[in-house]
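Chains as they are written, first to last, in this note's numbering: chain A, 1 to 343; chain B, 344 to 686; chain C, 687 to 1029.
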Amino acid sequence: MADPRFFQKSKGFSISEIAEISGCVCSDTADLDFILDDVAPLHNAEKNHLSFLDNVKYKDDFLSTKAGACFISPAMEEYAPADTVCLITPTPYKAYALAAQAFYPEDYSAEDAQIAETAVIDETADIGAFVTLGHHVAIGRNVVIGEHTCIEANTVIEDNVKIGAHCRIGSNVTISHALIADHVRLYPGVRVGQDGFGFAISPTGHIKVPQLGRVILEDHVEIGANTTIDRGAGPDTVIGQGTWVDNLVQIGHNVTIGRGCIIVAQVGISGSAKIEDYVAIGGQVGIAGHITLGMGARIGAQAGVISDVPGGQEYLGSPAFPKSQFFRQVAALNRLIKKKKHD
Amino acid sequence: MADPRFFQKSKGFSISEIAEISGCVCSDTADLDFILDDVAPLHNAEKNHLSFLDNVKYKDDFLSTKAGACFISPAMEEYAPADTVCLITPTPYKAYALAAQAFYPEDYSAEDAQIAETAVIDETADIGAFVTLGHHVAIGRNVVIGEHTCIEANTVIEDNVKIGAHCRIGSNVTISHALIADHVRLYPGVRVGQDGFGFAISPTGHIKVPQLGRVILEDHVEIGANTTIDRGAGPDTVIGQGTWVDNLVQIGHNVTIGRGCIIVAQVGISGSAKIEDYVAIGGQVGIAGHITLGMGARIGAQAGVISDVPGGQEYLGSPAFPKSQFFRQVAALNRLIKKKKHD
Amino acid sequence: MADPRFFQKSKGFSISEIAEISGCVCSDTADLDFILDDVAPLHNAEKNHLSFLDNVKYKDDFLSTKAGACFISPAMEEYAPADTVCLITPTPYKAYALAAQAFYPEDYSAEDAQIAETAVIDETADIGAFVTLGHHVAIGRNVVIGEHTCIEANTVIEDNVKIGAHCRIGSNVTISHALIADHVRLYPGVRVGQDGFGFAISPTGHIKVPQLGRVILEDHVEIGANTTIDRGAGPDTVIGQGTWVDNLVQIGHNVTIGRGCIIVAQVGISGSAKIEDYVAIGGQVGIAGHITLGMGARIGAQAGVISDVPGGQEYLGSPAFPKSQFFRQVAALNRLIKKKKHD
């Protein structure tokens, strides 16, 4: 059970309510009114808990679980313990996510909205209804903040930035030169809108090229802690609707990222790269400048991508190659050293 | 055109003024008094815009540009559209940088200097003329800040730090144990001067080695967002004049970096490494401790450098090898798997 | 000598006092009362300085040092200059660490404890004796802070966090959903306790999985600048006693790290990885999710570890292999290109 100091649990839900919230089919209609109190992992769930099986690696835990109900895929139903109600869905993890959100709703609501006395708000700023501003927040000239947005302590919003409604901006964040849509979430320490790394190299002193673009974050974007997003040099830096970026990622100037992408921690995306919709990029990957990753491309962790990747393809390695080619390279290298050993 | 909410454009300039600012020769003296209002990329520039061609990849855009004037190298003059005045120079991007600075000058000037009421300044600090301190800045004991320096909101300058004139320190920055020269720029979230990672390993608890050096940043150094620079362990950590460091870089204790270097995002430089003048290091490179990169060395993105690199050489790969050797390795590996396939 | 603006030196120590502090044997009992004033590296130490030789690379400096006394291993005694007293120990660097701590003790003491007027403390928080809170610190509801803990400027401690005694929390730090033991040190810009990167992927919008765990930092943990530690998804994220983590490291949700580990800068540890006691991980390493590194494993810089590593083993490369296998791979590749060249 989640530590009640940090997480507020809602009331319980009946199995039929859970089925409705998650869009699942029940294996057994006998217990539809049975009340589940909490979510729990398979191995330590009790009768009043809801659990899920998504990764077949945990099948043994499922065989012996005491959970009252469990999200599973259709193929798993035959393995279910007798006392566990099966909630059947092709996407058990998604179903679990929806149910867990019901048990543990976001703790921020309009009634909590509050502007700290120590926040400093320029008189020209336009602050929407039900906005929360934490301690020592600084809001610059002509800033616009939409309703129900929450900005946590010690965050700095520089002049003319526009932030939409229902956003959550963590503490110690800095935002400049940016237009941010609705339902965007920035975790603590994010830096948005500073100058890109643009200059003409010169032995007598590099000459800065004025960075004249902005950062555009579309609806439902999430940006992880201490990630940095430079503004464009002329064009904008754009992150598309519903794209999620993890911690400590670097996004260079003029980068455009499509919708629904997943960018894992410590990725670096060089200037003017174009990432199309639904691309997934593993941790610590580097993407060279001015290249395109096609729709739905998948890049494995630590890869170094130096040329275009076609849509739907999976690339690995540094320099990156198609997945099968990368694993053949690794295998060939290991055959080579075995051969040497046997010589 | 740059968003006027964020960028203030100066007046226009005649072509002859632009030629003088950028040190270029005009291809055509007929239009020297024609006024240019703004800068723009080749493909959407209009008659009243100034553009540039630096990368031959964009030659087609040049052939059809409507720009009133364009910086180009001498070899490109013959391809110029009839209505575009050529501003000829061996370094078009540098010329563009100088002209763009004229159109969009830095927005900070002495008249704007202002010390926020919420800034906290120790009474022993020495704050120069025309200094700006943002909201909730904290300035420690005996800090010295040179004239015309600007420190943005929520930044912390710890005891005895010295910052020169005409510096710009972003918001949410932390500086301790550092001596910073003039015209230095730190972007938001930079950490300068904390303890290096120095300790004697012991199974009963690692023993910290006191870190007794400082961080020295020479004139015109720029440090990107959320980059971390540890102070020296005994010697100092030093970054030479005019070196530019990108975002999320790690610089360990006792590292010395020469003048005019370029260090791209997410590079990690281990303790006591020595980087000579004019070295360029690509993104996500790792440099081992106690090694030297000779003057003008170039290290490709994601390389792992574990021994000295001679001056002027280009290295790639992890472990890093000279560029030609690295590409021969990649080619050999691919021949090997093709051969296997055909067996 | 350390810059007295930043470092306060204690009184001198006699050679016999140093021997006692560091647990060493003196080579010569004639000079036990001789007073040493400071520490210094071998090459510029003077008669009144204490130095050390740990890395045989610096043996020449030892042969010609003028240091009054020097920590060395037994094998080095025969090379000692006539005027240098040898302090003999199997662990010279550890001895030096202890002696240097005596010369330069931590500058923070109970008498300095002070709560800044600009700190904002919720009335329900429980602040121990001799606690220091810097300017603009924000302390949330029901926070507990143990005695002698120091929290520097502009740091945010969110609701219900518990921090033990004798901790030092740097400036511009954010902590939520965390239980922190005693003698823990967080450097500036650390982010602890934000949501992990947990969601069910969906083309119509990724669905967040509530992150219901905490971050647990045990006694004597140190976390480097701008490092990010996500809270658990259900289980906790745990860092064991005496583990030291460098700058810009990413630690995912549910990661557990044992005691006495060393994690160098820019490492990324994916969710649910398990790092056992006394593991050492080099810079920029990536660790995949759900794998285990056995006790005392050592992972070389930039490695990519995608499966379990047995205890005590050293792995290198991406994907990672045992050290000897990795170097045979590199050698085989170089033989291959030499052969090609000679064909």
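Just so it is clear, CB atoms sit at the ideal spot from N, CA and C, and this is done for glycine as well.
Starting from residue i, trace the alpha helix (DSSP H) in both directions and tell me its first and last residue.
i	result
S51 (chain A)	Unbroken run through S51 (chain A) is the beta strand (DSSP E), H49 to F52; no alpha helix (DSSP H).
Y1001 (chain C)	Counting along the chain, Y1001 (chain C) falls outside any alpha helix (DSSP H), though it belongs to the beta strand (DSSP E) covering E1000 to L1002.
L406 (chain B)	K402 to L406
L773 (chain C)	It is not in any alpha helix (DSSP H) - L773 (chain C) instead sits in the beta strand (DSSP E) that spans V771 to I774.
L591 (chain B)	First-last for L591 (chain B): undefined, no H or E at that position.
P778 (chain C)	P778 to F789
E466 (chain B)	Taken as a continuous stretch (DSSP letters only), E466 (chain B) belongs to no alpha helix (DSSP H), as it is neither H nor E.
S702 (chain C)	I701 to S708
Looking at residue i: is its Cβ nearer than 7 Å to the Cβ of residue j?
i	j	result
G826 (chain C)	A851 (chain C)	no
I269 (chain A)	I287 (chain A)	yes
V953 (chain C)	T942 (chain C)	no
I837 (chain C)	L819 (chain C)	yes
N497 (chain B)	N154 (chain A)	yes
A332 (chain A)	I680 (chain B)	yes
R168 (chain A)	E222 (chain A)	no
D719 (chain C)	N734 (chain C)	no
T461 (chain B)	N485 (chain B)	no
I758 (chain C)	L739 (chain C)	yes
V264 (chain A)	G283 (chain A)	yes
V382 (chain B)	A443 (chain B)	yes
D881 (chain C)	I902 (chain C)	no
Just to confirm my understanding: we take residue i, look at its own chain, exclude 5 residues before and 5 after, and list those with CB closer than 6 Å. What are they?
i	result
L1002 (chain C)	G986, A989, K1009 and F1012
G639 (chain B)	Y621, G654 and G655
D219 (chain A)	A181, D182, H183 and Q241
K617 (chain B)	T599 and T635
H520 (chain B)	G536, R557 and R574
R298 (chain A)	A280 and E314
Q114 (chain A)	T132
G471 (chain B)	I488, G489 and E490
E732 (chain C)	K752
D61 (chain A)	L42 and H43
Our contact map puts residue i next to residue j with C-beta atoms below 8 Å; I'd like the distance itself, whole angstroms only.
i	j	result
I229 (chain A)	I262 (chain A)	At roughly 16 Å, the Cβ-Cβ gap does not stay under 8 Å, so I229 (chain A) and I262 (chain A) are not in contact.
T149 (chain A)	V161 (chain A)	In fact, because the Cβ distance is near 12 Å, the residues do not count as touching under 8 Å.
F7 (chain A)	L934 (chain C)	The Cβ separation is near 29 Å, so there is no contact.
G975 (chain C)	G957 (chain C)	5 Å
R534 (chain B)	G946 (chain C)	Contact doesn't hold; Cβ gap of about 25 Å is too wide.
P448 (chain B)	Y790 (chain C)	That pair is no contact at about 46 Å.
Please return the same chain residues whose Cβ sits closer than 8 Å to the Cβ of residue i, not counting the five positions on each side in sequence.
i	result
E763 (chain C)	S713, C772 and I774
G709 (chain C)	T775, A781 and L784
L406 (chain B)	Y422 and P424
S661 (chain B)	G629, Q645, A646 and G647
A459 (chain B)	L476, G477, H478, H479, V480 and A496
P306 (chain A)	Rather than Pro, the amino acid found at residue 306 (chain A) in this sequence is Ile. A288, I291, P319 and A320.
I364 (chain B)	F356, L441, A442 and A445
L644 (chain C)	Shown here, chain C extends from 687 to 1029; a query on residue 644 (chain C) therefore has no answer.
At which residues does the beta strand (DSSP E) containing residue i begin and terminate?
i	result
A412 (chain B)	A412 to I415
A521 (chain B)	A521 to I523
E898 (chain C)	For the record, residue 898 (chain C) in the displayed sequence is Leu; it is not Glu. L898 (chain C) -> no beta strand (DSSP E), and no H or E assigned at all.
I582 (chain B)	T580 to I582
Quick one: what's got a C-beta closer than 7 Å to residue i's C-beta in the same chain, skipping five residues either side?
i	result
I15 (chain A)	C26, D31, L32, F34, L36, A69 and V85
P74 (chain A)	I88
F199 (chain A)	H206, I207, K208 and V209
Y744 (chain C)	L728
inquiry  = Closer than 8 Å is the cut-off here; do at least three beta carbon pairs connect the stretch 298-314 of chain A with the stretch 327-339 of chain A?
reply    = With a cut-off of 8 Å, the stretch 327-339 of chain A and the stretch 298-314 of chain A do not count as touching, because too few Cβ pairs lie within range.
query = Just checking, does the stretch 201-210 of chain A make contact with the stretch 239-247 of chain A on the three C-beta pairs under 8 Å criterion?
reply = In short, these stretches do not touch, since the Cβ pair count stays below three.
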